[in-house]
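Working notes, beginning with the structure itself.
2 protein chains.
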Amino acid sequence: MTPTAPPATTWPLGRTETLGADEIDRIDAWWRAANYLSIGQIYLLDNPLLREPLRVEHVKQRLLGHWGTTPGLNFLYAHLNRTIRERDLDTLFITGPGHGGPGMVANGFLDGTYSEIYSEIDQSDDGIRRMFRRFSFPGGIPSHASPDTPGSIHEGGELGYSLSHAYGAAFDNPGLLVACVIGDGEAETGPLATSWHSNKFVNPVQDGVVLPILHLNGYKIANPTVLARIPEHELLELMRGYGHEPYLVSGGFDGEDPREVHERFAAVLDVVLDRIATIKADAAAGTLSERPRWPMIILRTPKGWTCPKIIDGLEVEGTFRAHQVPLANARDTPEHLRILEDWMRSYRPDELFDASGAPRAEIRALAPEGDRRMSANPVANGGLLRTPLRLPDFRDYAVEVPAPGAVDGQATAVLGHWLADVIRMNPHNFRIFGPDETASNRLAPAVYAATAKQWNGEYHDNDVDLARAGRVMEMLSEHQCEGWLEGYLLTGRHGLFDCYEAFLHIVDSMFNQHAKWLEAAKGIPWRAPVASLNYLLSSHVWRQDHNGFSHQDPGFLDVAVNKSAEVVRVYLPFDANTLLSTYDHCLRSVDYVNVVVAGKQPAPQWLTMEEAVEHCTRGLGILPWAGTERDGEEPDVVLAAAGDVPTLEVLAAASILRERMPELAVRVVNVVDLMRLQSAGEHPHGLPDADFDAIFTTDKPVIFAYHGYPWMIHRLTYRRHGHHNIHARGFKERGTTTTPFDMVMLNDLDRYRLVMDVIDRVPGLAAKHAGLRQELEDARLRARDYTREVGDDLPEVRDWRWPD
Amino acid sequence: MTPTAPPATTWPLGRTETLGADEIDRIDAWWRAANYLSIGQIYLLDNPLLREPLRVEHVKQRLLGHWGTTPGLNFLYAHLNRTIRERDLDTLFITGPGHGGPGMVANGFLDGTYSEIYSEIDQSDDGIRRMFRRFSFPGGIPSHASPDTPGSIHEGGELGYSLSHAYGAAFDNPGLLVACVIGDGEAETGPLATSWHSNKFVNPVQDGVVLPILHLNGYKIANPTVLARIPEHELLELMRGYGHEPYLVSGGFDGEDPREVHERFAAVLDVVLDRIATIKADAAAGTLSERPRWPMIILRTPKGWTCPKIIDGLEVEGTFRAHQVPLANARDTPEHLRILEDWMRSYRPDELFDASGAPRAEIRALAPEGDRRMSANPVANGGLLRTPLRLPDFRDYAVEVPAPGAVDGQATAVLGHWLADVIRMNPHNFRIFGPDETASNRLAPAVYAATAKQWNGEYHDNDVDLARAGRVMEMLSEHQCEGWLEGYLLTGRHGLFDCYEAFLHIVDSMFNQHAKWLEAAKGIPWRAPVASLNYLLSSHVWRQDHNGFSHQDPGFLDVAVNKSAEVVRVYLPFDANTLLSTYDHCLRSVDYVNVVVAGKQPAPQWLTMEEAVEHCTRGLGILPWAGTERDGEEPDVVLAAAGDVPTLEVLAAASILRERMPELAVRVVNVVDLMRLQSAGEHPHGLPDADFDAIFTTDKPVIFAYHGYPWMIHRLTYRRHGHHNIHARGFKERGTTTTPFDMVMLNDLDRYRLVMDVIDRVPGLAAKHAGLRQELEDARLRARDYTREVGDDLPEVRDWRWPD
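Here is the structure:
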């Protein structure tokens with residue numbers, strides 16, 4: 001029994017002459033060699049080139065890895081090699097399907113890259129043995145195209161992001177072809193399903209070309225795939241509906257000779273590359289007036305193509321049983337061992353490798369040379385290509401702050417002016433990504449004076465701030481924005497992602513994967529550092545009063561802090577100048593994820609630029625003008641804050657204390673760099689214990705007003721001496737549509753509550769200030785009643801300003 | 001200037017006779033009334049029906065809410081009303097576009113539902129005034145179709161899930177029509193982009209019908225939408241490619257009379273409903289052999305249709321400026337006030353409401369009656385329809401455990417047998433959802449003996465476990481699975497979501513939205529409780545050794561615990577019998593999110609069913625057979641564990657201690673219900689302090705081996721007396737492709753490390769047991785070296801069993 005072809009298959013053929021037999025030989029030999037090496041990685045510990053009969057002890061005990069997707073990946077790599085040589089194409093290969101690792105390693109080995117990077121994996125029997133051994137093996141490499149795989153910017157561990165990564169790589173790389181293989185399993189994910197629309201954003205002149213190759217092998221772990229089980233006309237309509245010109249090649253079914261599939265595919269690939277060349281030429285000549293219909297390829301082959309047809313009486317090739325390890329245990333019976341050996345020998349290894357174990361010259365000859373090899377393309381080790389941003393001096397954009405709180409400003413709007421100049425000074429390697437929120441987050445209008453949103457959809461007469469090429473990328477998909485930016489960064493460029501705070505949770509898992517990539521990449525000597533992934537979270541939890549409970553969630557910070565301290569940084573600048581200083585730092589950094597939360601609403605400004613720089617350099621510090629402590633004495637209480645709204649409430653509380661309890665020595669502390677709170681042993685930014693104690697004391701009450709969920713403060717400080725004295729306030733999931741001050745009251749983060757906390761926690765105050773405490777309770781009720789009556793905050797609260 | 005139509009527009013017309021003028025009158029009047037009431041909610045505090053000239057004090061100070069999407073929603077509601085009456089359709093309305101709240105409230109008011117539920121909002125001037133006032137007002141209601149909106153199961157706060165929710169509602173509701181309005185902004189999200197493929201899963205006989213209505217009004221906050229800016233043929237191809245038969249109605253551009261649009265739309269709606277009726281009849285008759293091409297509608301109208309064309313010299317209607325509040329401040333100038341008044345009077349309120357403020361009888365007559373009103377449909381208050389599951393006695397599925405650890409078992413496989421019978425006993429109101437992992441997570445094969453995966457894509461001869469109708473829903477999109485399940489639960493049914501632990505992060509934000517919905521719904525008296533959302537997280541962090549770092553992430557628990565304690569429950573059963581007991585509890589519960597983590601690999605079984613029930617009822621407890629404490633005395637040290645792998649390591653550590661330090665009094669504690677650790681004041685499951693102290697002591701070292709990130713234990717226990725004695729071990733983001741035991745070693749959660757922790761932390765042991773400590777260090781090195789050599793765990797570790 002052999003896999004059966006789906007009903008009808010059509011594919012346009014673009015040229016009449018076919019490939020010569022010798023060309024097909026060479027492609028087929030590469031393919032067989034890559035397939036052989038892939039199987040070897042999954043199964044063998046020894047006897048790598050089957051110089052002797054296969055014995056049980058040659059086979060791994062635990063068989064890990066996935067064969068199913070591999071022959072398709074190897075097939076595409078071989079064919080792309082030919083066209084790269086013929087056309088001198090600068091090509092990046094992206095492996096969307098999960099567990100494509102063995103194929104990528106095999107191809108990198110065949111084109112020589114792997115041995116150049118890992119000298120112990122030389123092109124010999126011994127090198128191959130070592131390569132096999134380390135695959136999916138403790139101390140070795142995983143089964144994905146992980147950071148230790150040359151030529152990869154896309155691990156494919158979690159599925160769904162290949163095409164977004166591909167477009168991210170293509171932006172501002174006008175000569176680059178990104179061949180992006182999309183698995184039909186991956187194609188079912190939401191992120192992938194919308195990423196096809198990236199073609200409305202890519203610019204045919206200034207950006208590179210993405211060639212999506214949808215690889216339909218029909219099965220996931222235990223199910224058929226959706227796109228393999230719809231009529232062919234629907235599949236083609238879907239691709240046309242996504243704006244592509246689809247080319248379908250189907251082959252390998254019903255026992256078809258792979259050489260025939262090679263011939264057909266090569267012809268289609270030439271047509272497609274000609275088509276791309278024509279579009280690029282038209283675009284360059286300025287004769288392209290509308291968005292082109294970029295070609296894409298659908299390749300339909302049996303799952304696990306060329307593996308045993310039947311094992312233990314069950315069909316394997318072309319079914320879901322070929323997804324993982326077709327032969328789940330080759331050590332249990334002689335029959336299974338023989339099947340494995342026959343399978344491996346079916347690729348005729350003697351024809352593929354010479355006596356020393358090196359791939360034969362005919363095979364090596366298919367590979368392009370030097371950096372044109374897809375595994376060696378420096379774009380896939382983007383740190384090599386990264387040039388630091390040219391940054392205007394952020395001090396020049398400072399808000400004048402004659403005295404703390406004396407003027408109002410909008411932090412993100414101020415940042416927008418600086419970013420506008422960052423864009424002007426870096427016209428080709430910096431972009432802003434966001435799901436329709438760059439304006440809402442107040443980076444506009446400044447940013448749109450410097451650039452536009454890149455848009456290659458249709459235009460209407462009254463469109464504003466849109467252009468065929470621009471530095472701002474907006475599509476209403478956080479997944480798309482995150483994926484584009486990751487691809488852009490990993491290929492050596494810079495950028496930031498601005499988003500509503502609550503909705504960054506949409507890409508929690510993408511952040512996780514990127515953070516893990518960065519952490520793993522740091523341990524790989526040949527990977528050069530890439531620019532940090534910078535988030536700008538505005539429209540944050542405390543100012544989502546108008547949008548209601550569904551928009552109120554500061555929990556992304558908790559997700560971020562779960563990832564390695566080597567990678568994650570969290571900043572909560574509390575005014576415009578601290579935001580400028582913070583972001584300058586972030587755009588200079590490498591290999592981090594910088595999470596920055598900042599306000600967009602008009603609010604009092606606190607620090608001069610000089611003070612802001614000093615404060616941000618320390619990461620946290622005492623605000624001496626706000627407290628009432630006496631020189632050389634410890635305060636009675638510490639009021640600490642992280643975040644703009646919490647700091648405002650702390651300062652308002654401090655002003656009440658100063659007026660009503662002038663005898664109380666109050667220290668006010670602000671934290672911008674959240675990781676300073678953690679112990680030095682746990683985070684590189686962690687403040688030494690002595691410094692922490694000097695600021696927070698070891699035995700005085702600390703009332704800590706925090707932007708997010710309050711237990712974060714306990715988590716970060718639980719090894720500190722004074723930890724049991726810290727009383728943290730923050731968001732405790734009390735929200736609704738209301739006013740800003742009602743939001744802080746609902747969560748007990750308001751100035752009145754903070755003063756009550758001081759009364760309750762500083763020994764001796766409770767009895768003495770019972771009257772004040774009642775006043776504060778009354779003030780809370782008055783504020784709430786006013787809000788419910790008028791629909792706005794009490795003017796005395798809303799318009800409160802620092803009294804000095 | 002008026003909005004311009006996109007180039008060409010075609011729509012098929014299915015019947016020749018058109019609607020009578022009186023029918024159009026009635027639809028148009030309803031629409032005007034709903035539009036009027038929507039604007040009133042956004043703008044007015046008083047003078048609701050403009051009985052007097054509009055004055056500044058009648059207008060709200062803070063204008064919140066979104067007009068842009070509303071006229072389209074109101075239009076559709078009016079037209080559906082007509083067809084519901086004519087055809088007696090059981091119809092659920094889902095509002096995908098964000099901020100559609102005012103429209104839903106207005107329609108619910110017009111059909112009478114709103115006043116029935118909220119008696120103070122009666123059909124009078126005063127009632128309308130109160131309705132206006134509470135919209136987007138402190139103490140009032142938000143601008144989404146939140147839980148307090150009758151007729152809603154879909155808030156639309158975070159975008160992207162409308163269509164998944166719609167299909168979830170339709171499953172097992174064969175007579176239900178779900179009219180799902182999808183905003184063209186929402187349509188750009190990944191989850192929405194893949195949810196179109198739901199039509200390959202819905203069964204035309206046993207399930208209801210989803211009618212997707214893609215509402216193209218062209219704009220998001222500050223951008224055009226992608227689907228509104230592609231050629232019409234592409235849009236139609238896209239919908240056909242998704243498997244639908246699209247019907248496009250475009251209208252309201254270039255000043256077109258809305259009555260003409262009503263006429264066209266009504267005709268198309270009739271065609272579409274006829275088409276649906278035909279498909280349903282064919283399906284019922286058994287003459288439908290393939291997946292039908294279900295119709296869908298594209299409605300293209302100007303953004304903010306019928307609002308002022310120009311304000312302050314800028315185009316508003318038909319542009320992004322109509323997205324939110326077209327007239328951002330009506331109180332600032334007399335001109336703006338006049339524009340608002342003219343706008344509102346353009347709907348001719350005098351024709352719409354009678355002298356008492358009630359909608360005129362002609363308008364009310366358009367509404368269906370009783371439960372047929374979309375706002376009153378009990379499906380949208382699914383708790384009313386919920387019947388408890390019939391549950392087989394889980395004790396009958398127990399693993400025989402003659403002694404602790406005496407037998408091996410696979411927890412999820414055992415659960416699978418029970419779930420198979422749950423399916424058999426509840427053939428119409430229970431489903432399992434998962435992204436291709438029901439088999440991988442070992443619920444199969446048992447579950448597939450009882451049912452199949454529901455699949456309405458194409459079939460191949462060799463397909464297994466697939467059927468046109470079945471109780472298991474698998475698509476490789478966690479978003480889709482989550483959305484389907486939420487829709488299914490909110491309409492009164494039961495189910496669970498099984499998923500790889502790491503990849504549940506993909507739906508973090510969906511979980512957040514659902515948890516917020518549940519919490520809000522609990523405070524609304526007329527909302528009946530719905531079945532809990534049950535997760536089964538298997539393939540968990542400790543057994544993703546083979547899949548590598550990208551698959552290793554226990555952080556969903558941290559996301560879950562951030563949400564309200566009223567809603568979230570977390571369980572970590574550590575063997576098959578505790579899993580059975582836990583899941584029985586979960587499937588009986590309502591209005592919770594139950595997160596259950598359980599193992600799928602063969603592992604020792606610890607408790608008899610009787611012990612398991614007792615243990616799970618307490619939620620945590622001492623395992624007396626495992627410790628060496630003496631009756632009536634406090635132990636020297638507590639070894640605590642939560643999770644199957646941590647418990648195994650703790651027990652292995654306990655067995656080492658028992659052998660090597662028989663004099664040490666060791667207590668072993670296992671925690672199944674994680675929330676028991678939290679203080680009683682913080683979580684309803686929180687253990688009283690005295691009970692906590694009795695188990696964990698107040699002053700003895702507690703070595704706590706936890707399944708997830710270790711700081712969770714500190715977070716949950718930081719108010720407990722003995723908190724500073726707790727030393728938590730867990731996943732600390734150290735992972736790779738390796739073996740199970742190497743995973744626990746990498747994270748210092750292994751038995752040897754735990755014994756070393758005991759030596760380090762129990763006073764007096766360090767000096768005495770320096771030799772043992774060194775032995776343990778050596779044992780770790782030996783285990784690591786063996787693993788790297790052989791690729792598997794040391795047999796003495798891998799095959800370790802409890803010695804008793």
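In order, the protein sequences belong to chains A and B.
With UniProt numbering applied, the first sequence covers 1 to 804.
With UniProt numbering applied, the second sequence covers 1 to 804.
Where a beta carbon is used, it is the ideal one built from N, C-alpha and C, also for glycine.
Small disclaimer: the values here were computed from a predicted structure and weren't measured.
(1) Below 8 Å between beta carbons: does that hold for Y242 (chain B) and L214 (chain A)?
(2) In the DSSP output, what is A705 (chain B) paired with across the bridge?
(3) DSSP three-state call for Q480 (chain A): helix, strand or coil?
(4) Along the segment 50-81 of chain A, where does the CB come closer than 9 Å to a CB of chain B? Name the residues.
(5) Strictly under 8 Å for the Cβ-Cβ distance: is G791 (chain B) near chain A by that measure?
(6) So which residues of chain A does R715 (chain B) contact, with C-beta pairs closer than 8 Å?
(7) Ends of the alpha helix (DSSP H) at residue 867 (chain A)?
(8) Which partner residues of C616 (chain B) appear in the DSSP bridge assignment?
(9) Short of 8 Å in beta carbon distance, which residues of its chain neighbour D793 (chain B), apart from the five on each side in sequence? Order them along the chain.
(10) Just the Cα atoms here: how many angstroms apart are E789 (chain A) and A166 (chain B)?
(11) Can you check the segment 319-407 of chain A for any alpha helix (DSSP H) of at least 4 residues that lies completely inside it and give the ranges in chain order?
(12) Counting only Cβ-Cβ distances shorter than 8 Å, please list the residues of the segment 138-153 of chain A near chain B, keeping chain order.
(13) Along the chain, where does the alpha helix (DSSP H) containing residue 808 (chain B) start, and where does it finish?
(14) Using a beta-carbon distance cut-off of less than 9 Å, what residues from the segment 458-491 of chain A approach chain B?
(15) Straight-line CA distance for R85 (chain B) to D371 (chain B)?
(16) Go through its chain and collect everything with a Cβ distance to I153 (chain B)'s Cβ below 6 Å, but skip five positions before and after it.
(17) Per the DSSP calculation, D90 (chain A) is bridged to which residue(s)?
(18) Can you name, in chain order, every residue of its own chain whose Cβ lies under 8 Å from the Cβ of R348 (chain A), other than the five neighbours on each side?
(19) Using a Cβ-Cβ cut-off of less than 7 Å, give me the residues of the segment 180-198 of chain A that come near chain B, in sequence order.
(20) Residue range of the beta strand (DSSP E) that S250 (chain B) falls in?
(21) Express the C-alpha separation of V590 (chain A) and R667 (chain A) in angstroms, rounding to a whole number.
(22) State yes or no: is the beta carbon of residue 809 (chain B) nearer than 8 Å to at least one beta carbon in chain A?
(23) Using the three-state DSSP reduction, which class does R85 (chain A) fall into: helix, strand or coil?
(24) Out of B:V702, B:R55 and B:E362, which has the shortest C-alpha to C-alpha gap to H721 (chain B)?
(25) Assign H551 (chain A) to one of three DSSP states: helix, strand, or coil.
(26) Closer than 7 Å by C-beta to P204 (chain B): which residues in its own chain qualify, once you throw out the five before and the five after it? Chain order, please.
(27) In whole angstroms, what is the alpha-carbon distance linking T737 (chain B) and A439 (chain B)?
(28) Could you check which residue in B:T698, B:L639 and B:P402 has the C-alpha nearest to that of D757 (chain B)?
(29) Under 8 Å between C-beta atoms, does A520 (chain B) make it to chain A?
(30) Which residues of chain B have a Cβ atom closer than 8 Å to the Cβ of M239 (chain A), listed in chain order?
(31) Distance, Cα to Cα, A29 (chain A) vs I182 (chain A)?
(32) Between the alpha carbons of R234 (chain B) and R240 (chain A), how many angstroms are there, rounded?
From the atom records:
(1) Position 242 of the second sequence holds residue 242 (chain B). Position 214 of the first sequence holds residue 214 (chain A). Going by C-beta atoms, Y242 (chain B) is not nearer than 8 Å to L214 (chain A).
(2) The residue labelled residue 705 (chain B) in the question sits at position 705 within the second sequence. Answer is B:A641 and B:R729, bridged to A705 (chain B).
(3) The residue you call residue 480 (chain A) lines up with position 480 of the first sequence. In this structure, Q480 (chain A) counts as helix in the three-state DSSP scheme.
(4) K60, Q61, R62, L64 and G65
(5) Locating residue 791 (chain B) in the second sequence gives position 791, counting from the first residue. So yes, G791 (chain B) belongs to the interface.
(6) Your numbering for residue 715 (chain B) matches position 715 in the second sequence. Chain A residues near R715 (chain B): W711, H714 and R715.
(7) This structure does not reach residue 867 (chain A), given that chain A is present from 1 up to 804, and the question cannot be answered.
(8) Translated into the one-based positions of the second sequence, residue 616 (chain B) becomes position 616. DSSP lists no partner for C616 (chain B).
(9) If you number the second sequence from 1, residue 793 (chain B) lands on position 793. So the qualifying residues of the chain are T739, P740, F741, D742, A783, Y786 and T787.
(10) For the purposes of this step, residue 789 (chain A) is identified with residue 789 of the first sequence, where counting begins at 1. For the purposes of this step, residue 166 (chain B) is identified with residue 166 of the second sequence, where counting begins at 1. Each residue's Cα considered, the two are about 38 Å apart.
(11) 334-345, 349-352 and 361-364
(12) P138, G139, G140, I141, P142, S143, H144 and S146
(13) With chain B covering 1 to 804 only, the question about residue 808 (chain B) has no answer from this structure.
(14) E458, Y459, H460, D461, N462, D463, V464, D465, L466, E474, M475, L476, S477, E478, H479 and Q480
(15) Within the second sequence, numbered from 1, the residue matching residue 85 (chain B) stands at position 85. Within the second sequence, numbered from 1, the residue matching residue 371 (chain B) stands at position 371. Computed Cα separation, rounded: 12 Å.
(16) By 1-based counting over the second sequence, the position of residue 153 (chain B) is 153. A380 and L490.
(17) Within the first sequence, the letter at position 90 stands for residue 90 (chain A). DSSP, once it has assigned bridges, lists A:L176 as partnering D90 (chain A).
(18) For the purposes of this step, residue 348 (chain A) is taken as residue 348 along the first sequence, with counting starting at 1. The answer, listed in chain order, is R32.
(19) G185, E188, T189, G190, P191, A193, T194 and H197
(20) Working through the second sequence from its first residue, we reach residue 250 (chain B) at position 250. Its beta strand (DSSP E) spans residues E245 to S250.
(21) Position 667 of the first sequence holds residue 667 (chain A). Position 590 of the first sequence holds residue 590 (chain A). Rounded to the nearest angstrom, the two C-alpha atoms are 35 Å apart.
(22) Within the shown structure, residues of chain B are numbered from 1 to 804, placing residue 809 (chain B) beyond reach of any answer.
(23) The residue you call residue 85 (chain A) lines up with position 85 of the first sequence. If DSSP states are grouped into helix, strand and coil, R85 (chain A) belongs with the helices.
(24) Position 721 of the second sequence, counted from the first residue, corresponds to residue 721 (chain B). Here the closest residue by C-alpha is B:V702.
(25) Translated into positions along the first sequence, residue 551 (chain A) becomes position 551. Three-state DSSP puts H551 (chain A) in a helix.
(26) By 1-based counting over the second sequence, the position of residue 204 (chain B) is 204. Within the same chain, P204 (chain B) has close Cβ partners I279, K280, A283, L288 and P292.
(27) Along the second sequence, read from residue 1 onward, the residue named residue 737 (chain B) stands at position 737. Along the second sequence, read from residue 1 onward, the residue named residue 439 (chain B) stands at position 439. Roughly 22 Å separates the two Cα atoms.
(28) Along the second sequence, read from residue 1 onward, the residue named residue 757 (chain B) stands at position 757. Closest option to D757 (chain B), Cα to Cα, is B:L639.
(29) Start at 1 with the first residue of the second sequence, and residue 520 (chain B) comes out as number 520. By this cut-off, A520 (chain B) is an interface position.
(30) Position 239 of the first sequence holds residue 239 (chain A). Those are G241, listed as they occur along chain B.
(31) On the first sequence, position 29 is the one that residue 29 (chain A) refers to. On the first sequence, position 182 is the one that residue 182 (chain A) refers to. Cα to Cα, the separation comes out at about 24 Å.
(32) In the second sequence, residue 234 (chain B) corresponds to position 234, counting from 1. In the first sequence, residue 240 (chain A) corresponds to position 240, counting from 1. For the sequence presented, residue 234 (chain B) should be read as Glu rather than Arg. Going by the C-alpha atoms only, they are around 6 Å apart.
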